[in-house]
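First residue of the sequence shown: 9, per this note's numbering; consecutive thereafter. C-beta: ideal position from N, C-alpha, C; glycine also. Note that this is a predicted model, so its numbers are computed, not measured.
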Amino acid sequence: MLVSAHPTTADSPAPPNPAPSPVRVGIVVFDGVTMLDASGPAEALHLAGRSGGSYAVDFLSPHGGTVATSSGMAIADTIPARAAGAVDTLVVAGAEHLAGPAVDPDLLTAVEALAGPARRVASVCTGAFVLAELGLLDGRRATTHWRHASALARRYPAIDVDPDVIQLRDGRFLTSAGITAGIDLSLALIEDDLGAEAARSTARELVVFLQRPGGQSQFAAAPMPASPDPVLRPVIEAVRADPAGDHTAPALAARAAVSPRHLSRLFDREIGMPPTRWVESVRLEQAQRLLLEGASVTRAAQRSGFGSDETLRRVFARHLRTTPSEYRDRFRTTERDTTGHGGTTDRVDSTTAVAPGKK
């Protein structure tokens, strides 16, 4: 007797629900691409599979084949854009040269064709210049690496460029700041698709915060010259050793045995900012560190040289767009394991800046 492979009787078990189709993500790469701009998002999306997600990530390029990255590594077997077909989400990686005077026409053609039918279009770092050149960001808010934000705003005045935030969402377009912000971007995509818990789980796998608020400032650590001028070295060492010390402009100049004006010129040349601003950035680093160690706002303010809670709050609002208390609660990265084994677990949370009035 023959038995049907597809029983139809009333008491037959229902067939299992088919697995959801993977979300297809195309990451656009090209010669000179910043490796982490491409690999960071790809790895985050791959790890989301452990939380029940399913992403099919392809590396796409204008002509296919092997692409050389800025770090000297190569991405092999990229898919030519013309053969890629439709993607759900398009991510344009960045590279230093994209902020230059011209964007490769072949890259523009590839991205234009892929972006049209995509549900979401995103950029990491200077990938925003590609979207901008195509006019896709006109009338929208966008961000990029802080170092290139002024060039983006100058070249494309129809875009409302925010130079400070880590990422921005405006309609179906997402733009993010440099390098590691691509991971924040991917976590935002994962949260969209799979929910906050999946994004938190992925962040724990990556050992990163989930995810830095999109509106958080791109505040960088206090810059340090690779080989500081001998006149500046004792000044830098003194401030680093004791951020709460007397570091007024006259005190710093006296320590360097130069005039305040000459010291200011040295700082501008070697570090790229005035001495008082650099001191503030060192103190802010110290305050952040103390808060993450569990210090009160008052103690962090005193030990970092800000003197009062109110001064520290103003500095946090200006640089980080948050309060010291909120920063401590959001970014304190470890807490005691409730199992009693003394282990640690990453604490994570998320928000994303969304441009008003756009769907």
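Does the separation of the CB atoms of residue i and residue j fall below 8 Å?
{"i": "V65", "j": "L53", "result": "yes"}
{"i": "L431", "j": "A126", "result": "Here the chain covers residues 9 to 367 and nothing more, so residue 431 does not appear."}
{"i": "R311", "j": "L298", "result": "yes"}
{"i": "P282", "j": "R263", "result": "no"}
{"i": "L68", "j": "A101", "result": "no"}
{"i": "A189", "j": "Q175", "result": "yes"}
{"i": "A381", "j": "L182", "result": "This structure cannot speak to residue 381, because the chain is shown only from 9 to 367."}
{"i": "R142", "j": "L116", "result": "Reading the sequence as shown, one finds Leu at residue 142 and not Arg. Yes, the pair counts as a contact, with Cβ atoms nearer than the cut-off."}
{"i": "L292", "j": "H255", "result": "no"}
{"i": "D201", "j": "V31", "result": "yes"}
{"i": "A303", "j": "T319", "result": "no"}
{"i": "G369", "j": "A206", "result": "Absent from the model: residue 369. The displayed extent of the chain is 9 to 367, so no value can be given."}
{"i": "L271", "j": "D237", "result": "no"}
Relative to the C-alpha of residue i, which residue among the options is closest?
{"i": "E334", "options": "L300, E245, G313", "result": "L300"}
{"i": "I198", "options": "F38, T97, L260, D317", "result": "T97"}
{"i": "V99", "options": "V33, A166, L292, L44", "result": "V33"}
{"i": "P171", "options": "R155, D192, Y63, G60", "result": "R155"}
{"i": "A82", "options": "G60, G108, L44", "result": "L44"}
{"i": "A92", "options": "G72, T77, G315, P109", "result": "G72"}
{"i": "G369", "options": "A157, R322, D168", "result": "Outside the displayed range of the chain (9 to 367) lies residue 369, so it cannot be described from this structure."}
{"i": "R307", "options": "P258, V287, R336", "result": "R336"}
{"i": "L106", "options": "S194, D276, S78, P165", "result": "S78"}
{"i": "G253", "options": "Q294, T86, V36, Y164", "result": "Q294"}
{"i": "L214", "options": "S29, A50, V37", "result": "A50"}
{"i": "Y164", "options": "A136, D178, S184", "result": "A136"}
{"i": "V37", "options": "R177, R149, P70", "result": "P70"}
{"i": "D276", "options": "A259, P332, L240", "result": "L240"}
{"i": "E278", "options": "S267, I244, A121, G203", "result": "I244"}
{"i": "A94", "options": "G108, A103, A110, R128", "result": "R128"}
{"i": "A166", "options": "G179, R149, P268", "result": "R149"}
{"i": "S29", "options": "A46, Y63, I35", "result": "Y63"}
Would you mind giving the Cβ-Cβ distance between residue i and residue j, rounded to the nearest angstrom? I have them listed as a contact below 8 Å.
{"i": "P251", "j": "V290", "result": "5 Å"}
{"i": "T134", "j": "T151", "result": "In fact, because the Cβ distance is near 11 Å, the residues do not count as touching under 8 Å."}
{"i": "V132", "j": "V119", "result": "Their Cβ separation, rounded to whole angstroms, is 13 Å, which puts V132 and V119 out of contact at 8 Å."}
{"i": "A76", "j": "D39", "result": "5 Å"}
{"i": "V216", "j": "V247", "result": "That belief does not hold up - the Cβ atoms of V216 and V247 are roughly 29 Å apart, past 8 Å."}
- request: Could you tell me which uninterrupted alpha helix (DSSP H) segments, each at least 4 residues in length, are contained entirely in the segment 62 to 129, listed from first to last along the chain?
  value: Every alpha helix (DSSP H) stretch that sits fully inside the segment 62 to 129 and reaches 4 residues is listed by chain position as 113 to 123.
field: Inside the segment 138 to 203 only - alpha helix (DSSP H) runs reaching at least 4 residues
entry: 154 to 163, 189 to 202, all fully within the segment 138 to 203.
- prompt: When the Cβ atoms of the segment 203 to 214 are set against those of the segment 56 to 71, are three or more pairs found closer than 8 Å?
  reply: By the C-beta criterion, the segment 203 to 214 is judged to be in contact with the segment 56 to 71, since at least 3 inter-stretch pairs fall below 8 Å.
query: Mind pulling the alpha helix (DSSP H) runs of 4 or more residues that sit fully within the segment 242 to 271?
result: Counting only runs of 4 or more, we get 257 to 264.
- prompt: Whole alpha helix (DSSP H) runs in the segment 269 to 310 with 4 or more residues, listed along the chain?
  reply: Within the segment 269 to 310, the runs of alpha helix (DSSP H) that reach at least 4 residues and sit entirely inside it are, in chain order, 283 to 300.
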